[in-house]
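2 protein chains.
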Amino acid sequence: MVLTNRQGVSISPDTREKVLAAARELGYRPNSSARAISTGRFGCAAIILSTKAYTSNLPMGLLDGIHDTLADNGMHLNISRLPDEKLIGPDALPKFLREQFVDGLLINYHYHIPETFLEKVREDRIPYVWINHQLDADCVYPDDFQAARYLTERFITRGHRRIAYFVYPASVHYSDADRRAGYKRAMDAGGLRSEIISYGADEISNAECMALLLGRFGAEDAPTAVVAYGPWPARALMQVALRLGRGGPDDLDVATFDDQVLEDCGRNIATAIIPQYAIGVRAVEMLRQKLEAPELLLAPQAIPYTFADGETSEITA
Amino acid sequence: MVLTNRQGVSISPDTREKVLAAARELGYRPNSSARAISTGRFGCAAIILSTKAYTSNLPMGLLDGIHDTLADNGMHLNISRLPDEKLIGPDALPKFLREQFVDGLLINYHYHIPETFLEKVREDRIPYVWINHQLDADCVYPDDFQAARYLTERFITRGHRRIAYFVYPASVHYSDADRRAGYKRAMDAGGLRSEIISYGADEISNAECMALLLGRFGAEDAPTAVVAYGPWPARALMQVALRLGRGGPDDLDVATFDDQVLEDCGRNIATAIIPQYAIGVRAVEMLRQKLEAPELLLAPQAIPYTFADGETSEITA
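Chains as they are written, first to last, in UniProt numbering: chain A, 1 to 317; chain B, 1 to 317.
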């Protein structure tokens, strides 16, 4: 916050002018220097990642959407990966902003988030937008509920009646709950019985999971279509189908969620495409609103998926 | 380059002192302010990505290795994604460094690189290290040759004689050439005949590729083991094995290269683990050497893979 007195930091106009004058003398010409001077900002946002494994996925599409939208607005992108103590310690985040010349945060931390972190970030009045996490405000995530509902309705429209939802390993992310709920909503609306197949990786091994699937999908009343939580379960189902001699989409139809159409399963799988780039764009747009008006609470934004049909076929029940 | 007169930019000690004084007044306390003042740097490195699709893969392990090593040295991380004209235009890169407050570049651009880019970056005397690309100097990449040789020797030691190398879609990246060469070296040393199975995605579709594989691996003299270029070919081979009733590692043994052990193919596949984190660490170490001595040419660094065995079994020929 070099040039503002938000955050309770008092900065004299003199000091501010000195920095800007020095920057000018050095030939520093940011794309947006006029705006930066008038709004008093560094022109830099940081993506915050956790140091804990698997809690801060940053796919290229998301990074690209964030970067490009910042660049369009003359802003730089900083990436920082911080242990929890650097996120929740006293004055930790304001200090981080000052030291890294950062105006606001795009928080990309999805699981096992310390309970006090949200409280802290609000107390310290840090401009932030949370990515791929559900909060009461200031967050953006893919619309998993609608995507799962759509994939399920699509199966119903094609004549399927025994449609299951399959997740392995079990997930603690909101997306699993939302995908289940969207699936269930469509099944209920279609007057069909839901079947959730869910195994935890702490309970059973990959091999045991495959054996259970072979049992279930070898049975007389096996589902004819499955909404799979992600690539792992989708691939497992396709292997089960191959082992059971049910490799065609007529035999077992599978749909899933991924960054691109899942095409390494012997056939292309119908895929709800996670709108990573659009999430990045929206996150930056929201952060810019927060920078203009830090007191504003922004409604949570659920970004719609796109869909790739894959190879499939209508079945006649 | 605020505080140096490298790059042909002449900066007066006065100006420099003015910036530092202003920064101090603002309470800016970088982790490494003492060092930064003495060496005259921003304390920031940028990862450069191309805007062209699939030319700038940035896996989390690589990002983490880069970030953590920069942070250990009190440096920030900027990420920029630039179209070719911003990389090769006159004064484009020096201007980029000034505007983004960046000391040096980690260039993460792997395919279809404009011919003049390397020339340009050297002409402009930009401190850089190139990641995952082979040059005569100042680059770091995984040791694909040794990894492929190891995987092939491992098959030979286990009694395999008909061992193939399989790549699809065809790759223009050095890693394919190096993996082929490492495979071939091991086959030659073992007195065995090499068999390269390579299809281009522009020549045949995924479905045609699968059909060709079914033909080859259904034949009497089919390979009993395959070194697969990556996850896609490894998964395709496992599907072929399942379709042919050869799902066990005794029937068709597969090894591949990936960021983690490939475990979504029905069984764990022996995997050469790309040393992403170690590449990131080394890239930053090299960049720090370049920042100290920009005239220095650093020898190319091939970082060794690690290996995960997967489920496999010895065969008796």
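C-beta: ideal position from N, C-alpha, C; glycine also.
Continuous beta strand (DSSP E) stretch holding residue 128/A: start and end:
128–131
Comparing C-alpha positions only, which one of 74/A, 287/A, 245/A and 223/A sits nearest to residue 161/A?
223/A
The stretch 246–267 of chain B: positions lying closer than 9 angstroms to chain C by Cβ:
Checking the listed chains, one finds no chain C in this structure; the protein chains it contains are A and B.
Less than 6 angstroms between C-beta atoms, sequence neighbours within five positions excluded: which residues of the same chain meet that for residue 280/B?
62, 65 and 66
Compare the C-alpha of residue 99/B against each of 264/B, 239/B, 45/B and 278/B and name the closest.
45/B
Residues near residue 195/A by beta carbon distance below 6 angstroms, same chain, minus five either side
164
Let me see if you follow: with CB-CB separation under 7 angstroms, is residue 30/B close to chain A or not?
Only weak support is given to the placement of residue 30/B: the predicted model assigns it a pLDDT of 42, under 50, and the value that follows is read from those uncertain coordinates. Interface residue, yes.
Which whole runs of the alpha helix (DSSP H) in the stretch 138–169 of chain A are 4 residues long or more, in chain order?
144–157
By DSSP, does residue 279/A sit in helix, in strand, or in coil?
helix
Per-residue DSSP class, three states only, for residue 117/B:
helix
Just to confirm the assignment, what range does the beta strand (DSSP E) spanning residue 225/A have?
225–228
Is DSSP giving residue 61/B helix, strand or coil here?
helix
Below 8 angstroms on the Cβ atoms is my contact criterion, and I expect residue 57/A with residue 112/A to pass it. Report the Cβ-Cβ distance as a whole number of Å.
13 angstroms between Cβ atoms; not a contact.
Could you name the residues of chain B that residue 232/A contacts, counting a contact when the two beta carbons are closer than 8 angstroms?
264
Mind checking the stretch 63–75 of chain B against chain A and listing, in chain order, the residues whose C-beta falls within less than 8 angstroms of any C-beta there?
63, 64, 67, 68 and 71
Can you find a CB in chain A that lies within less than 7 angstroms of the CB of residue 78/B?
yes
Taking the alpha-carbon positions, what's the residue 75/B to residue 43/B distance?
5 angstroms
Tell me the DSSP bridge mates of residue 45/B?
77/B and 104/B
So if DSSP puts residue 188/B in a beta bridge, which residue, or which two residues, is it bridged to?
Bridge partners of residue 188/B: none, in fact.
In terms of alpha-carbon separation, which member of 182/A, 185/A, 226/A and 187/A lies closest to residue 197/A?
226/A
List the residues of chain A that residue 100/B touches, going by C-beta distances under 8 angstroms, in chain order.
76
Of all Cβ atoms in chain B, is any one closer than 7 angstroms to the Cβ of residue 298/A?
no
Tell me, please, whether the stretch 129–140 of chain B touches the stretch 200–216 of chain B by the rule of three or more beta-carbon pairs shorter than 8 angstroms.
no
Flag residue 282/A as yes if its beta-carbon sits less than 7 angstroms from any beta-carbon of chain B, otherwise no.
no
CA nearest to the CA of residue 169/A, picked from 47/B, 264/B, 68/B and 294/B
264/B
Suppose you measure from the CA of residue 107/B to the CA of residue 59/A; what does that come to, to the nearest Å?
18 angstroms
Residue 272/A beta carbon less than 7 angstroms from that of residue 257/A:
yes
Alpha carbon to alpha carbon, what distance is there between residue 173/A and residue 54/A?
11 angstroms
So, are the CB atoms of residue 97/A and residue 284/A less than 7 angstroms apart?
no
Got a sec: is the Cβ-Cβ distance from residue 36/B to anything in chain A below 7 angstroms?
Residue confidence is low: residue 36/B scores 43 on pLDDT, short of 50, so the model does not pin down where it sits. Its coordinate-derived value is still stated next. No, residue 36/B does not count as interfacial toward chain A.
Using only the alpha-carbon positions, how far apart do residue 235/A and residue 252/A sit?
12 angstroms
Classify residue 116/A as buried or exposed, calling it buried when 16 or more other Cβ atoms lie within 10 Å of its own Cβ.
exposed
With a threshold of 6 angstroms on Cβ separation, who are the neighbours of residue 301/B within its own chain once the five nearest residues in sequence on each side are excluded?
140 and 282
With distances taken between CB atoms, is the gap from residue 214/A to residue 240/A smaller than 7 angstroms?
yes
Under a three-way DSSP split, which group does residue 123/B fall into?
helix
Classification of residue 179/B by the beta-carbon crowding that lies within 10 angstroms, buried from 16 upward:
buried
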